[in-house]
Each structure stands twice: as C-alpha cells, then as structure tokens.
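For the sequence shown, counting from 1, position 243 maps to 620 in the numbering used here; every step adds exactly one.
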Amino acid sequence: MKIKEIIANRKTTVSFEVFPPKQWDKIEKTKAVVDEMAKSKPAFMSVTYGAAGTTSGFTSEIAREIMEQGITPLAHLTCLTSTREKIRSVVNGMAADGVENILALRGDIPEGFEFPDDQYYEHAYQLIEEIHSLGDFCVGGACYPEVHPESPNRVEDIAHLKEKVDCGLDFLTSQMFFDNNVFYNFRELCAVKGIDVPIVAGIMPIVTASTLNRTVKLSGCSLPVKFEKIVERFGDDNDAMKQAGIIYASEQIIDLMANGVNNFHIYSMNKPDVAARIVDCISEIIDG
Numbered sequence: 378m379k380i381k382e383i384i385a386n387r388k389t390t391v392s393f394e395v396f397p398p399k400q401w402d403k404i405e406k407t408k409a410v411v412d413e414m415a416k417s418k419p420a421f422m423s424v425t426y427g428a429a430g431t432t433s434g435f436t437s438e439i440a441r442e443i444m445e446q447g448i449t450p451l452a453h454l455t456c457l458t459s460t461r462e463k464i465r466s467v468v469n470g471m472a473a474d475g476v477e478n479i480l481a482l483r484g485d486i487p488e489g490f491e492f493p494d495d496q497y498y499e500h501a502y503q504l505i506e507e508i509h510s511l512g513d514f515c516v517g518g519a520c521y522p523e524v525h526p527e528s529p530n531r532v533e534d535i536a537h538l539k540e541k542v543d544c545g546l547d548f549l550t551s552q553m554f555f556d557n558n559v560f561y562n563f564r565e566l567c568a569v570k571g572i573d574v575p576i577v578a579g580i581m582p583i584v585t586a587s588t589l590n591r592t593v594k595l596s597g598c599s600l601p602v603k604f605e606k607i608v609e610r611f612g613d614d615n616d617a618m619k620q621a622g623i624i625y626a627s628e629q630i631i632d633l634m635a636n637g638v639n640n641f642h643i644y645s646m647n648k649p650d651v652a653a654r655i656v657d658c659i660s661e662i663i664d665g
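Written out as structure tokens, the structure is:
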C-alpha cells in the first residue's frame with residue numbers, strides 16, 4: 378500500500394525506522410528486530426540505505442521481511458555517490474520486490490568528494506524525477522525543521538524544499554527535533570510557502586546520554602533547557618535515562634497531537650522495546 382494512502386485513510390499514524398546490518402551474517406538478527414517491532418503494529422516501517430549503496434542488498438532483504446510481517450515498507454534511497462545506472466538498477470529491483478514507497482535522499486557529501494561526471498546526481502530533486510520515471514512509486518523526502526546543515530539560511534532552505542516537493546514528493550519526514558515549537562514554526566512557514574504535502578514528525582527517543590551527544594553532533598539539533606535538565610539529572614543512570622527518554626518522546630507526541638499533528642515517525646534505532654513502550658504510552662491517545 379502507498380504511504381500517501383495510509384496517511385490519508387488513518388486519523389493518526391506511527392511508524393518506525395530500522396537500519397540493516399553492515400555484514401550479511403547479522404541479517405537474521407535484524408530480521409528478528411523487524412519481527413518484534415511489527416508486534417506494535419506500526420503504520421509502516423522505513424529501512425535505511427548505506428552510503429554509496431553499500432547496504433542496498435540488505436535494504437531490499439529487510440524490506441521483504443517487513444512485507445512478510447504484513448507491514449508496508451518504506452525503502453530509503455540515497456543517490457549522491459551512486460551512478461545513475463546503479464540507482465536505476467536498485468529502483469527496478471525494488472519494483473520487482475513489490476516495494477511501492479521510496480524515501481528519496483541525496484545523502485551526505487563525503488569529505489573531499491567531487492562529482493566525477495554527469496552520471497551522478499547532485500541534488501535530491503534529480504533522484505525524485507528519476508524514481509517517477511521508472512515506475513508508479515509513492516515518493517517521500519526529508520525536511521529539516523532547524524534548517525539543513527548546508528543551507529546558509531532558512532529562506533534558501535525552504536526554497537530548496539519547495540523545489541523538491543514540486544518535483545513530485547507525496548510526503549515529507551522531518552529530521553528529529555526536541556523542541557516542538559521548532560516544528561510548529563517550520564510547519565507554518567511551509568504552509569506560507571505553499572508546501573502542502575503531509576509532514577511526518579520525526580521523533581528520536583534519547584535513551585542514553587551518549588546517544589544524545591552523537592545525535593546533536595550529527596544533526597545540529599538544539600536542545601530545550603527542559604531536556605538538558607533531564608539529561609543532567611538522569612544521564613548517569615542508564616535505566617532512569619531510558620525511561621525519561623521514552624516519557625519525553627511520548628510527551629512530545631501528545632503535545633504535537635494536541636496541536637494538530639497526526640503523523641509520527643519514531644527513529645527507533647533497532648530497539649523494539651523502546652518503540653513498543655512509546656506506543657504503549659500513547660495507545661489510548663492515538664486511538665481516541
């Protein structure tokens with residue numbers, strides 16, 4: 378089923394993310410993660426894609442496992458360091474496997490990388506157009522409530538986002554954020570600029586202090602004082618930090634729902650118990 382139809386037909390959606398292993402001998406362990414996460418009945422599950430297509434085969438394998446569990450898969454696809462021929466092969470393979478949904482991403486630029494020739498994509502909108510030319514896919518894209526790290530300012534960032542949407546995106550999934558006001562401001566600006574596709578709010582449950590340090594470094598997310606205080610108080614106690622992180626993520630979702638947001642993507646980091654506990658915290662709220 379296409380994700381745009383899932384979003385249109387449900388009052389609320391909660392989805393999870395899973396990432397494939399880097400070695401084939403770990404694939405069964407990741408499949409077990411998928412099977413456990415499926416018990417929480419997510420609206421769909423996304424599966425990430427390694428840089429330069431290094432895990433493309435694993436991504437497809439995990440996508441098939443998601444389908445076997447009766448869940449709709451969303452396959453990530455990054456294009457920056459893959460040739461057009463490679464991308465076409467991967468997309469055609471996804472179609473053959475029955476994958477209908479692709480999250481089109483440019484990918485991070487490796488240090489010192491230069492585009493060899495015109496057989497490579499420089500921008501996500503080029504990948505979006507390519508995917509649509511290859512089949513009847515539902516295509517999603519990423520957005521940054523706190524501005525893309527490479528954008529000089531919000532105005533240029535939103536202009537590039539609008540360009541991507543106009544190339545045929547069916548929905549957007551946001552990068553993580555920890556201050557809901559950041560998301561509300563972003564949502565309003567998107568509406569002003571005519572970006573009218575559904576925006577799925579990306580929620581990252583921080584369950585260890587070390588995860589927070591890596592997350593902030595990679596994403597550049599700002600942290601509200603409230604959350605900093607939580608980490609300061611509970612960061613040295615693993616069990617307490619895990620519970621506090623799950624509660625904080627759950628409270629984010631509750632507040633977002635109260636303000637008209639209905640679609641949530643949990644960056645679950647291959648932790649089925651964390652995903653399940655968040656769903657348990659909000660089960661009656663989502664169904665209400």
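Backbone N, C-alpha and C define an ideal beta-carbon position, used for all residues, glycine too.
Below 8 Å on the Cβ atoms is my guess for ILE505 versus THR449; work out the distance and round it to an integer in Å.
Not confirmed; about 20 Å, so no contact.
Which residue comes first and which comes last in the beta strand (DSSP E) that contains SER551?
548-551
When DSSP labels each residue in this structure, what does CYS544 get in the three-state scheme?
The answer is coil: DSSP assigns CYS544 none of H, G, I, E or B.
Can you name, in chain order, every residue of its own chain whose Cβ lies under 7 Å from the Cβ of ILE630, other than the five neighbours on each side?
ILE580, PHE641 and ILE659
Check whether the region 589-603 and the region 547-560 are in contact - that is, three or more C-beta pairs closer than 8 Å.
yes
I'd like the span of the beta strand (DSSP E) that includes PRO377, first residue to last.
Beyond the ends of the chain as shown, which are 378 and 665, falls residue 377; an answer cannot be given.
Residues in the same chain with beta-carbon distance under 8 Å from LEU546, minus the five sequence neighbours each way, listed in chain order, please.
ALA481, ILE505, VAL516, GLY517, GLY518 and VAL574
Short of 8 Å in beta carbon distance, which residues of its chain neighbour GLY447, apart from the five on each side in sequence? Order them along the chain.
ALA415
Of all the options ARG654, VAL411, SER551 and ASP650, which has the alpha carbon lying nearest to the alpha carbon of THR436?
VAL411
Which partner residues of ILE479 appear in the DSSP bridge assignment?
ALA452 and VAL516
What did DSSP end up calling GLU605 once you bin it into helix, strand or coil?
helix
DSSP three-state label for ILE630, please.
helix
Can you tell which of LEU511, GLY512 and ALA536 has the C-alpha that lies nearest to the C-alpha of CYS520?
ALA536
Unbroken alpha helix (DSSP H) runs of length 4 or more, entirely within the region 609-663: which are they?
615-635
Determine the direct distance from the alpha carbon of GLU477 to that of MET471, and round the result to whole angstroms.
8 Å
Under the assumption that MET618 contacts THR585 (Cβ atoms under 8 Å), give the Cβ distance between them as a whole number of angstroms.
THR585 and MET618 do touch by the CB rule: their CB atoms are close to 6 Å apart, below 8 Å.
Roughly how many angstroms separate the alpha carbons of ILE384 and MET378, rounded to a whole number?
11 Å
With 16 as the cutoff for other CB atoms within 10 Å, does GLY637 come out buried or exposed?
exposed
Taking the Cβ atom as the reference point for each residue, do THR407 and PRO419 lie within a distance shorter than 8 Å?
In this structure, PRO419 does not lie closer than 8 Å to THR407 by Cβ.
To the nearest angstrom, how far is the alpha carbon of ARG610 from that of ASN639?
Taking the straight line from one Cα to the other gives about 31 Å.
Since I believe ILE576 is in contact with LEU538 (beta carbons under 8 Å), could you give me their beta-carbon distance rounded to a whole number of angstroms?
LEU538 to ILE576, Cβ: 10 Å. No contact.
For the beta strand (DSSP E) that contains ALA578, what are its first and last residues?
Under the DSSP assignment, ALA578 falls in the beta strand (DSSP E) whose first and last residues are 576-580.
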